[in-house]
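Worksheet: the structure to be examined is printed underneath.
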Amino acid sequence: MDDQQTVDEALYPQAVLNTVYQQVQQAENFTECLEEIEPYLLAFLQCERITIYQKVHGERNIVSYFKTGDVPMKIELPIGPGSIAGFTAMSRQPVCITDAYDEEELQSIHEELRFNSSFDMQSGFLTGAVIAVPILYADTLLGVLQAMNCIETQSGRFAQEHIDRAAMLAKIFAKRLRTDLRSTQGPYEYLVAKGIVSTEQLEELEALSQHTNASVGHLLVTEVGLTPDEVGASLEHYYQVPFIKYDPEMEFDRALVENLNRNYLVRNLWLPIGGDTDRALILTDDPNDADKIMEIQGVLNAASYEFYVAIREDILRFLGIDIIDLAPIDDEEEEAPEVNLEDLVGQLEQEASSSDRAEFKPTELVDENAAVVVKLVNKLLADAIGAGASDIHIEPSKGRAPAVVRVRVDGVCRKILDVPSSHVRAVVARIKVMSNLDITETRLPQDGKMGVRLYNTSYELRVATIATVNGESAVLRILAAGDAMPLADLNLAPRNEENVRRLLEHPHGNFLVVGPTGSGKTTTLHALLGEINTPDKKIWTIEDPVEITQPGLQQVQVNSRINFDFARGLRAFLRADPDVILIGEMRDYETAHAGVEASLTGHLVFSTLHTNSAPETITRLLDMGLDPISFADALIGVLAQRLVRTLCKECKEAYQPDENEIKILMRGYGEDAFAELGIDVENLTLYRAGGCEKCGNMGYKGRTGIHELMVATSAIKSLVARGGKVAEIRELAIKEGMRTLFQDGIYKIINGQLDLKQVRTVTVEYD
Numbered sequence: 188m189d190d191q192q193t194v195d196e197a198l199y200p201q202a203v204l205n206t207v208y209q210q211v212q213q214a215e216n217f218t219e220c221l222e223e224i225e226p227y228l229l230a231f232l233q234c235e236r237i238t239i240y241q242k243v244h245g246e247r248n249i250v251s252y253f254k255t256g257d258v259p260m261k262i263e264l265p266i267g268p269g270s271i272a273g274f275t276a277m278s279r280q281p282v283c284i285t286d287a288y289d290e291e292e293l294q295s296i297h298e299e300l301r302f303n304s305s306f307d308m309q310s311g312f313l314t315g316a317v318i319a320v321p322i323l324y325a326d327t328l329l330g331v332l333q334a335m336n337c338i339e340t341q342s343g344r345f346a347q348e349h350i351d352r353a354a355m356l357a358k359i360f361a362k363r364l365r366t367d368l369r370s371t372q373g374p375y376e377y378l379v380a381k382g383i384v385s386t387e388q389l390e391e392l393e394a395l396s397q398h399t400n401a402s403v404g405h406l407l408v409t410e411v412g413l414t415p416d417e418v419g420a421s422l423e424h425y426y427q428v429p430f431i432k433y434d435p436e437m438e439f440d441r442a443l444v445e446n447l448n449r450n451y452l453v454r455n456l457w458l459p460i461g462g463d464t465d466r467a468l469i470l471t472d473d474p475n476d477a478d479k480i481m482e483i484q485g486v487l488n489a490a491s492y493e494f495y496v497a498i499r500e501d502i503l504r505f506l507g508i509d510i511i512d513l514a515p516i517d518d519e520e521e522e523a524p525e526v527n528l529e530d531l532v533g534q535l536e537q538e539a540s541s542s543d544r545a546e547f548k549p550t551e552l553v554d555e556n557a558a559v560v561v562k563l564v565n566k567l568l569a570d571a572i573g574a575g576a577s578d579i580h581i582e583p584s585k586g587r588a589p590a591v592v593r594v595r596v597d598g599v600c601r602k603i604l605d606v607p608s609s610h611v612r613a614v615v616a617r618i619k620v621m622s623n624l625d626i627t628e629t630r631l632p633q634d635g636k637m638g639v640r641l642y643n644t645s646y647e648l649r650v651a652t653i654a655t656v657n658g659e660s661a662v663l664r665i666l667a668a669g670d671a672m673p674l675a676d677l678n679l680a681p682r683n684e685e686n687v688r689r690l691l692e693h694p695h696g697n698f699l700v701v702g703p704t705g706s707g708k709t710t711t712l713h714a715l716l717g718e719i720n721t722p723d724k725k726i727w728t729i730e731d732p733v734e735i736t737q738p739g740l741q742q743v744q745v746n747s748r749i750n751f752d753f754a755r756g757l758r759a760f761l762r763a764d765p766d767v768i769l770i771g772e773m774r775d776y777e778t779a780h781a782g783v784e785a786s787l788t789g790h791l792v793f794s795t796l797h798t799n800s801a802p803e804t805i806t807r808l809l810d811m812g813l814d815p816i817s818f819a820d821a822l823i824g825v826l827a828q829r830l831v832r833t834l835c836k837e838c839k840e841a842y843q844p845d846e847n848e849i850k851i852l853m854r855g856y857g858e859d860a861f862a863e864l865g866i867d868v869e870n871l872t873l874y875r876a877g878g879c880e881k882c883g884n885m886g887y888k889g890r891t892g893i894h895e896l897m898v899a900t901s902a903i904k905s906l907v908a909r910g911g912k913v914a915e916i917r918e919l920a921i922k923e924g925m926r927t928l929f930q931d932g933i934y935k936i937i938n939g940q941l942d943l944k945q946v947r948t949v950t951v952e953y954d
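For what it's worth, this note's numbering labels the leading residue of the sequence shown as 188, then goes sequentially.
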């Protein structure tokens, strides 16, 4: 646009926002106003195109209200995951897309999320990066603001700054759309504005609602004498969806709820009243509850949704519950402090003890969405994340013995609570619901994932359920989205760090990071990529899952549902002009062979294997069937590693080791090599575990890595090409300067980071 540059220079950015605000508030015609301030909008968001969608009163779709560019056609989208704007309207959450045509990226946000490219085909405009933010007023959806293709960044991607700016514009537009749509600020503000009830009456009813099981809407009918239609009109103005009152003659397709737990619907106050897999009609007491909407979508998995609002008690009547008496709520319970895990388990035990033991059937499924079970699972996840746990294990026991819940912190499992046997199936079922798994299937293993947010941080949990002889067990692996760790923070020994940096200068070859599950291989790989992630290098990664993200990397996630594995992704990468490739794991011959071939054709390839040491990696790959000569030619280095619990810095105790302990360290490191450490054994100070509040009186806090780096020298390559044995490769590598995992552990013991007990738990001493 001709005058966009002028706008940038004169007003960008704060004055642009002020100008937009003034113009929008003062304009008589909102559409004409948007056309006049189009240059300011594009300049403020630094984008090529903007579309504003409006949620039309009583409709299930969002409709384009304003579009920049020469796009005459009207865009109408269902509220649902079938489009980016539709998903934003459904979730009420901002969405930031790097490439709208990248199906993997879309599915990483939501499995059903799609981009409708037909509008690009009709307009000739090519959509790349997209941000979409909901336009909300008092939690009511009024529309969606969508921006396409950032012109401020070299990559064309939008940053958090652009999302924040879009949210500012959405707030401005919400106030204006609220007026145009006649939306109210509260569910019953319309009644006050019309003089039907007074503010004082409404406050009294709200106070009464706090001490009874009745909703304000129900009290307006029973205590004030309003008709359901009068209350419904107020709800319609606030929620901007149609109102449905209770009608005993109303019929809806009962087949829609056959697979849904009735108690679950009662607890969550929603009901499917019609539709099919393409469009679901949902009756709920709060169409603004984004969490409930996302849960409904996860349960029904329809393409789009049409919401209706009803008084809470009317939904219960539709579900077959008659509202006869409204018992008061215990004031003490209302004011009780936040419960902990033990309190919740105590409530479960009371429920179990109050049931008729004689008639209890072990196969009976307690409602997985009962209030206490939901609170217990949520509290369990929050406490585990807060404690820095990497895994949660829910383990049923034999008979009526309580199930054990353990968490793994710093690599060590510890028990945190028992769950009554009567409710463990409900806890596992609740986790399966959150992970979109089949709760009716309890015999076969299932894998899924869920997303949670805590302390403004998003976490992804990988969930695995396996049937045991005592019942269904669940393991949840907690993956925190994070940035790459600097190479300097990996705690590599000086020689290892120097050699790693030298190997990263290679233009091509295979660099492997090996170790067992949970040994920090992904963290190390991304630290290595961070060192070479410069604008002149094109880097592709295929991972399962993508745990760490870095700007400048093209990252892809494995998707077994569509048969997209490491080998298939690697073949695609080779057609995308890469300089560097990261393969999450060389699981099979096809992937390993493709990785070797990629390195031989001029690419630097990083990958991982589950092996115990660097020399063993060689024989493992050769056993897969790799050609020894080609593999030897491609290999540049192997880094084996383990994570070891570190001594707590606050309470570790210094001591002078005795002669026997010094001999153990010298023998473990090698008496000939021990001198290289430059240690005065007569004045050697070591440290042992103490115990304080910060480490939970364990004496250990946090973990660090111990490493074993084998550089592929000419001699090593020659031995590999000849098919040398593990012992031969290890002996030659040590002779050329490699230090084993155990030796690296001793080096860090002497430096006061570890003790011998922890080193011996993760590695072995070679003779």
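By construction, the Cβ of each residue, glycine as well, lies at the ideal position given by its N, Cα and C atoms.
Methionine 925 sits in coil when the DSSP states are folded into three classes, being neither helix nor strand.
Secondary-structure assignment with DSSP links leucine 830 through a beta bridge to Gly892.
Residue pairing for arginine 466: DSSP places it in a beta bridge opposite Ser491. Its Cα nearest to that of leucine 834, the residue Tyr874 stands out among Val592, Tyr874, Ala394.
Glycine 330 and asparagine 697 have their C-alpha atoms spaced approximately 50 Å apart. The beta carbons of valine 907 and isoleucine 805 sit closer together than 7 Å. Fewer than three beta-carbon pairs drawn from the stretch 821-839 and the stretch 857-870 are found closer than 8 Å, and the two stretches are therefore not classed as touching. For proline 673, no beta strand (DSSP E) segment is defined, and its DSSP state is neither H nor E. Taking all protein chains in view, the Cβ of threonine 872 is surrounded by fewer than 16 other Cβ atoms within 10 Å, so the residue is classified as exposed.
A residue is called buried when at least 16 other Cβ atoms come within 10 angstroms of its Cβ; asparagine 870 does not meet this threshold and is exposed. Contact between glutamate 436 and phenylalanine 430 is ruled out by a C-beta separation of about 17 Å, above the 8 Å threshold. CA-CA distance, valine 564 to arginine 617, rounds to 8 Å. Valine 596 has its alpha-carbon roughly 28 Å from the corresponding atom of arginine 587. The three-state reading of DSSP puts glutamate 659 in strand, counting E and B together. Taking the Cβ atoms as the reference, isoleucine 498 lies roughly 6 Å from histidine 405, within the contact range of under 8 Å. By alpha-carbon distance to glutamine 294, the top candidate from Phe312, Pro415, Ser270, Arg640 is Ser270. Residue state for proline 321 is assigned as strand, using DSSP reduced to three classes. Taking C-beta separations shorter than 7 Å and ignoring five residues to either side along the sequence, the partners of glutamine 940 in its chain run Thr833, Leu834, Thr891, following chain order.
The beta carbon of glycine 273 is closer than 6 Å to those of Leu264, Pro265, Ile266, Gly267 in its chain, skipping five residues each way along the sequence. About 7 Å separates the CB atoms of leucine 757 and threonine 778; that is less than 8 Å, so the two are in contact. In summary, cysteine 882 is buried, with 16 or more beta-carbon neighbours lying within 10 Å of its beta-carbon over all protein chains present. For arginine 875, the enclosing beta strand (DSSP E) has its first and last residue at 873-875.
Boundaries cannot be given for alanine 214, as no alpha helix (DSSP H) includes it and DSSP labels it neither H nor E.
The straight-line gap separating the alpha-carbon atoms of leucine 328 and lysine 479 is approximately 14 Å. Per DSSP, the unbroken alpha helix (DSSP H) holding asparagine 847 starts and ends at 846-856. Under the 10 Å beta carbon count, aspartate 931 is surrounded by 16 or more other beta carbons and is classified as buried. In terms of Cβ geometry, leucine 677 and glutamate 647 do not form a close pair [threshold 7 Å]. The beta carbon of cysteine 220 sits closer than 7 Å to those of Gln210, Val211, Ala214, all from its chain and outside the five residues before and after it, given in chain order.
Counting C-beta pairs with one atom in each stretch, the stretch 611-627 and the stretch 700-711 have fewer than three that are closer than 8 Å, which means they do not touch. Here DSSP, grouped into helix, strand and coil, assigns methionine 885 to coil. The shortest C-alpha to C-alpha distance from arginine 601 to any of Ala230, Val379, Glu582, Val868 is the one to Glu582. The count of Cβ pairs closer than 8 Å, one atom from the stretch 707-721 and one from the stretch 811-821, stays below three, leaving the stretches out of contact.
If you look at arginine 236, you'll find it in the beta strand (DSSP E) that goes 234-242. Our two residues, lysine 944 and valine 656, have alpha carbons roughly 35 Å apart in a direct line. The criterion of a C-beta distance shorter than 7 Å is satisfied by methionine 773 and serine 794.
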